[in-house]
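First the structure, in the form of structure tokens, and then the observations on it.
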Amino acid sequence: MSDAASTPTDFIRDIVAADVASGKHPVPKTRFPPEPNGYLHIGHSKSICLNFGIAKEFGGTCNLRMDDTNPAKEDVEYVESIIADVKWLISGWADHCLGFKAPGATPGAQRVEGKPDFFLGSVAPGEEGRPFHASDYFVQIYAYAVELVRRGKAYVDDLTPEETDRYRQEGRPSPYRDRPIAESLDLLERMRGGEFPDGTRTLRAKIDMTSPNMWLRDPVLYRIRHAEHHNTGGQWCIYPMYDFAHVLSDYLEGITHSICTLEFEVHRPLYDWILESLDLPRALPHQYEFARLNLNYTVMSKRKLLQLVNEGKVSGWDDPRMPTISGLRRRGVTPEALRAFAYNVGITKYDGVTDVAVLEHAIRTDLNKRAERRLAVLRPLKVVITNLPAEHREDLEAVNNPEDETAGTRKLAFGRELFIERDDFAEVPPPKFFRLKPGGEVRLKYAYIVKCEEVIKDASGQVVELRCTADLESKTGGANSNRKVKGTIHWVHAGSSVDAEVRLYDRLFTEEDPEAKGDFKACLNPHSLETVQAKLEGSLAGVKEGRWQFERLGYFAVDRESAPDRLVLNRTISLKDTWAKEAKK
RNA sequence: UGCCUCGUGGUGUAACGGUAGCACAAGUGACUCUGAAUCACUUUGUCAAGGUUCGAAUCCUUGCGAGGCAGCCA
């Protein structure tokens, strides 16, 4: 069973624990560094839970940092969504570990052991702050680039992108590799000054053109891009590459454990090389890699999610069918459920595929405990209780949450005309059908046992109404309520019911691995969204937000498009349905 | 092809040279005024072959398989 209260264990936490115990890093500092080029998804939530979890467990902090070194792809819309999603996900759990910088702050120059240094710390918890940005360090990163050139460890290269590529594959050094330091320094300054067009020159690390690790074959550190940056505007026309900017950002912020996904494993020697080559005075960060989250029936790459959004396959990044944090939130999933899920999948270096059933289980477990129960009918079928007068009206008592006694009870209206679920009536019942059938009996939850006396159909043969009689002795809680019938069904009193649009979601893809056959959009599930006009019990009139379990159906949450005159609900997830499995047999 | 990493039931993960455990999924039963929840039980596993050892999922060798990298993306 998922138990988010117990402390998880994994190989990264083992390392952190050892570093704390040995005094190497008494206070660990992590960071969550998304690129603001899309919305965060559930894979990011695994990383957020890891990084903030470590900070929380070891008394450290976790900086939220925008890894924004590519102006072409990034946007403030994404920055704002990332902040909102991270705050939501860690709320009530690791808020106090969120590392923000003081508004407007940039790294301060200092001297450590006689050496020049830069450092930018985070504000105290609760103080006003903003996320860190790699782009806030462009000045310092550039200074480090100059330093590398001075040390003879980097040079300006005039090769074209294509030539750079070919030389690297051939393990051949660029003819500009050994140009004089002074010349590189001059060229770098002029690159910064805007003298050269995009792609004409780069700054390259001078490492080893014959290394078996491609990332050590003189990787590009800076490229020329005459482009507006969402944070620095038009200040720069050269931008540092990920490898250069990321490791230095880690160092500037005093990060101790820089945790990323497996594909960066081959970058680690470069990460370490940059740190060592600069002869930095403070404790150095180390990079550790874990396997990213893969879920079946889901695509996870931001590029593909962006396609779904841009091509209108979904209504937006927060479409409740999207595996984005904002989509899951809108669907009605809680941060607690997402955290429990992250805990359950664990942290390893094995690149496997997690069954979405594990996610669904975490969502159900969480909602089962917290969601109050209500009665609602998704596909209404009219029922008339013929032995009750038209004006009959009574209030029944219903339990709000059998899993939580403190949730109390509520009043449920009952009368002559009701709605029941179409699926709960069968004219020709299949084997083991416990629900209503002609001449059969069923209990209406919290009310009476009723017997189906007559089936009324329209001209086309469609069942439009059931006429039933109630056993007035069988009222729930009454002296003679003990009579057993095989089935109990939910219902809604017609006169006091509330109309609502209910959106029923199913998985977005029909294939376990949507990418297996090339085009992931070819296996989009045409039935991933079904909208029904439902009837809800009267207590739900006027609700503006909230989550409930509709008994025997699933968990539902008010959608953000809901309005006073038009209630809209999303089905977060259905209840487990063993009858559906039985019916298939 | 080169380099890096990883192989434990159907899936995800524990076991740190000493009884292969947990969760999900699946199945059976109990209970049930939610065919839910809960409870009990069951099925299924160390990639292969050698070696070291009293003892190997764990250490070594080889093989096989999977993933990643080889952008002036991150």
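Each number in this note's numbering corresponds to the 1-based position in the first sequence with 14 added.
Just so it is clear, CB atoms sit at the ideal spot from N, CA and C, and this is done for glycine as well.
Owing to the predicted nature of the structure, the values given are computational and were not obtained by experimental measurement.
In the structure shown, I97 falls within a helical segment according to DSSP collapsed to helix, strand and coil.
Between E551 and R388, the C-beta gap is smaller than 8 Å, which places the two residues in contact.
A contact is defined here as three or more CB-CB pairs under 8 Å, and the stretch 445–465 meets this definition with respect to the stretch 492–509. As DSSP reads the structure, M80 sits in a beta bridge with H147. Contact fails between the stretch 309–322 and the stretch 251–267, because fewer than three Cβ pairs, one in each stretch, are under 8 Å apart.
Here A119 has L134 as same chain residues with Cβ atoms under 7 Å from its own Cβ, once five neighbours each way along the sequence are excluded.
Only residues of its own chain outside the window of five on either side were considered, and among them A305, N308 have a CB closer than 8 Å to the CB of G366, listed in chain order. Rounded to the nearest whole angstrom, the CA to CA distance from E479 to A548 is 17 Å.
Taking the Cα positions, P334 is about 39 Å away from R481. Remark: C-beta atoms of V391 and H504 approach each other more closely than 8 Å. Distances from the alpha-carbon of P175 to those of R517, V234, H406 put V234 closest.
Counting along the chain, D409 sits inside the beta strand (DSSP E) bounded by residues 407–413. In the three-state reduction of the DSSP assignment, E468 falls in the strand class.
Within the model, the alpha-carbon separation for E209 versus I238 is close to 10 Å. Excluding residues up to 5 positions away in sequence, T423, R424, L426, Y460 lie with their Cβ nearer than 7 Å to the Cβ of A412 in the same chain. Secondary structure within the stretch 26–61: the beta strand (DSSP E) runs of 3 or more consecutive residues, fully enclosed, are 43–46 (chain order). Straight through space, the alpha carbons of G213 and Y169 are spaced by roughly 15 Å. With 16 or more neighbouring CB atoms inside 10 Å of its own CB, S95 falls in the buried class.
E479 carries a strand assignment under DSSP once its states are collapsed to helix, strand and coil.
Within a 10 Å sphere around the beta-carbon of M80 sit 16 or more other beta-carbons, which makes this residue buried. Put simply, the backbone Cα of V34 is about 26 Å away from that of Q124. Annotated three-state conformation of I361 is coil, per DSSP.
Under the three-state reduction of DSSP, T312 is assigned to coil, being neither helix nor strand. Unbroken beta strand (DSSP E) runs of no fewer than 3 residues, entirely contained in the stretch 221–253, are found at 234–238, following chain order. Straight-line measurement puts the Cα of L589 at about 7 Å from the Cα of R378. DSSP places W505 in the uninterrupted beta strand (DSSP E) bounded by 505–507. S272 carries a strand assignment under DSSP once its states are collapsed to helix, strand and coil. Here Y169 is bridged, per DSSP, to R218.
Under a 10 Å Cβ-count criterion, P48 is classified as buried, with 16 or more other Cβ atoms of the shown protein chains found around its own Cβ.
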